[in-house]
Structures are given as C-alpha cells and as structure tokens.
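Numbering (UniProt numbering), first residue to last: 1 to 283.
Beta carbons are placed, not taken as given, at the ideal position from N, Cα and C, and that holds for glycine.
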Amino acid sequence: MSKHTGTLFVFLAALLYSIGGLCIKVIPWSGMSINGGRTAIALVVLGVYLAVIRHRPRFNRWVFLGSLCIFGTNTLFSLANKLTTAANTIVLQFTAPVFVILFSALFWKKKPQKLDLAACAVVFGGVLFFFVDSLEAGGALGNVLAVLSGAAYGGVFLLNDFPDADAISAVFWGDVLSAVTGLPFLLQETVFTPTALTSLVILGVFQVAVAYILLTIGLRTTPPVTASLVSGIEPVLNPLLVAAFYGETVGPFALAGAAIVICGVVGYNVLKARQPEPSRPSA
Numbered sequence: 001m002s003k004h005t006g007t008l009f010v011f012l013a014a015l016l017y018s019i020g021g022l023c024i025k026v027i028p029w030s031g032m033s034i035n036g037g038r039t040a041i042a043l044v045v046l047g048v049y050l051a052v053i054r055h056r057p058r059f060n061r062w063v064f065l066g067s068l069c070i071f072g073t074n075t076l077f078s079l080a081n082k083l084t085t086a087a088n089t090i091v092l093q094f095t096a097p098v099f100v101i102l103f104s105a106l107f108w109k110k111k112p113q114k115l116d117l118a119a120c121a122v123v124f125g126g127v128l129f130f131f132v133d134s135l136e137a138g139g140a141l142g143n144v145l146a147v148l149s150g151a152a153y154g155g156v157f158l159l160n161d162f163p164d165a166d167a168i169s170a171v172f173w174g175d176v177l178s179a180v181t182g183l184p185f186l187l188q189e190t191v192f193t194p195t196a197l198t199s200l201v202i203l204g205v206f207q208v209a210v211a212y213i214l215l216t217i218g219l220r221t222t223p224p225v226t227a228s229l230v231s232g233i234e235p236v237l238n239p240l241l242v243a244a245f246y247g248e249t250v251g252p253f254a255l256a257g258a259a260i261v262i263c264g265v266v267g268y269n270v271l272k273a274r275q276p277e278p279s280r281p282s283a
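What follows is the structure, encoded as structure tokens:
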C-alpha cells in the first residue's frame, strides 16, 4: 500500500469517527453504558474481519499497552461527551498529536525540535480557554476526561511503533476490555428507544469497528503525527453535526480555544511537511 492510500484510509476513518458525538448525544444512557454496548457490537464486526483475513489476535505486553490506549480512548470519549459539549470533547481529543510528540520523547528518546515545543505550547494554550469557558458553563470534569482521551488517542497513533506490536490485536483486546467494563452499566438502563438502539448499532459497526480497521490499515504506511493531523476533519465535522441535529451550542471561550487548537495543530502539520521527514523509530 502506498503512503497516499494509507493517508486516505486514515481520512475515511476520521469521517466515521465524526459521527460519534451526535450518536452519543441522542442515546439517553450513561457514557459507560454506551461504550459497553458499542464496543460489544464492534467486537462482532472485528471478529468477522479477523476471520476473513485469517489473523488470530495476538497478546503480549505491547499489545496489552496498545489495548489500554484503545480502551482509554473509547471510554474517556464516551464519558466526556456526556459531561461537556461534543465540540469540547472532540477538539480536546484532537490534542493527540501533542501527546505523540511527548510520548516519542519519553519512550523513544526522540528529542523534540523547536517546532514541536512551539506546537505543544500553542495547543495547550488553546486548551486553557476550554477550562475558562467551563467556569461559566460547567463541564470541567468532561474537559479533563477529553484531554485524557487525547492522551490515550496519541498512544493509538503509536501502535505500530511499539516493539513486537500488532495494531489490530490491540484494537480487539481494547474493545474486549471496553465491553466487559461497560456492559454491566448497560444492563441497568431502562430506556431502549428505536433511536437509541439504531444509534448504538451505527456507533458499534461504523464509528468503532470499521473506523478502527481503516485506521490500523492506514497507519501501516502513514507516520503517526501525519495520521493524527489528517484526522483534522473530525473536530470540524463532529460539532457541526451535533449543532445541526441536536442543537448544542459552544461557549465563546471554548470557540476561541477550538480555533487555537485546530489552527495550531494544522499549522504544525504544514510546517512539519516542509521539513525532511524523520525516520520512524526502530522496534
């Protein structure tokens, strides 16, 4: 697969991820219930996919670490969407490229360049606006969980850089962990409307399973930072869908923070692309 095809797969995955905010908002359950139900459905799709490609899920400490990243991304995203606005959640999760930079420095001793440090400062400066906004509108806990989801999502983009890694196995076991921890909460829910059930199926099949399959395939030929930045369509489309079909608005400080974060990340990507591409860390 060429680098351009891999990037396309990552972009398609981002389009599918963008429906998550709206679907989660219209389901009248807790974040844990939604995450348990959608990942249980996703496991069926992933199981069929693994059977078709004849790939038996592997398990080692690096796959386990990857599964924790998947679990953290899924769970924290669902919880944050119920505690703050969809726009706040997805934009704060969009800080993932910054965490890619930080994790690369911590685990692979890759010294960050001045541009990397500048991007971190700009993005985290934008994040502060969300917490200023939450002082007036509430949702501070949701904002914290969204940032943590961004950290976990940063780990997802590094799955292929882990020694002896297997990205699709990490996705499988991460969804197993999500389903096991979330289904007990789902059993306590009492409202099962057609809209809720349809949205749950859409989340499980497309927003989790198919999206992660596309992402893991795309990451084979797409550098982590590039992949996370190509996903920039998600923080734009996600809140637009929620605003159009759910009527959720965004506070002025959060809107300013979103502009800073998105411009900072995209600007970093443009400037980074003008530099010689560094070699990927060896296993």
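Measuring alpha carbon to alpha carbon, tell me which residue in the options is nearest residue i.
i, options, result
"Y268", "D116, I217, V171", "D116"
"V63", "N74, F11, V156", "V156"
"L203", "S18, G257, F245", "S18"
"H55", "I41, I34, T5, A170", "A170"
"P239", "T85, K109, V26", "T85"
"F162", "L43, F59, Q207, L186", "F59"
"A273", "V44, T181, F131, T222", "T222"
"C120", "L215, A256, L102", "L102"
"A254", "S199, D133, P184", "D133"
"L15", "V26, V236, A258", "V236"
Could you name the residues of the same chain whose beta carbon sits closer than 6 Å to that of residue i, not counting the 5 residues immediately before and after it, in chain order?
i, result
"V122", "G264"
"L79", "G31, L145"
"K82", "G31"
"F172", "L46, P57"
"A96", "G150, Y153, G154, S228"
Enumerate in chain order the residues of its own chain whose CB-to-CB distance from residue i is below 7 Å, with the five nearest sequence positions on each side excluded.
i, result
"I53", "none"
"A152", "C69, G72, T73, L76"
"F245", "L22"
"E189", "W29, S33"
"residue 284", "A query on residue 284 cannot be resolved here, the shown segment of the chain reaching from 1 to 283 and no further."
"Y49", "I213"
Would you mind reading off the limits of the alpha helix (DSSP H) that contains residue i?
i, result
"A179", "167–186"
"N269", "252–273"
"V98", "96–107"
"F71", "61–83"
"L241", "233–246"
"N88", "86–93"
"N35", "31–52"
"V147", "140–156"
"L197", "194–202"
"T216", "211–218"
"K25", "20–26"
Determine whether the Cβ of residue i lies closer than 8 Å to any Cβ atom of chain D.
i, result
"T85", "Of the protein chains in the structure, only one exists, and it is not chain D."
Identify, in the order they occur along the chain, each residue of the same chain with its Cβ nearer than 8 Å to the Cβ of residue i, setting aside the five sequence neighbours on each side.
i, result
"I260", "V122, V123, G125, G126, F129"
Stretch-stretch touch, CB-based, cutoff 8 Å, three pairs: the region 191–208 with the region 89–107: no
Between the region 205–215 and the region 4–15, are three or more C-beta pairs nearer than 8 Å? yes
Going residue by residue through the region 110–135, where are the continuous beta strand (DSSP E) segments of at least 3 residues, counting only ones entirely within it? none
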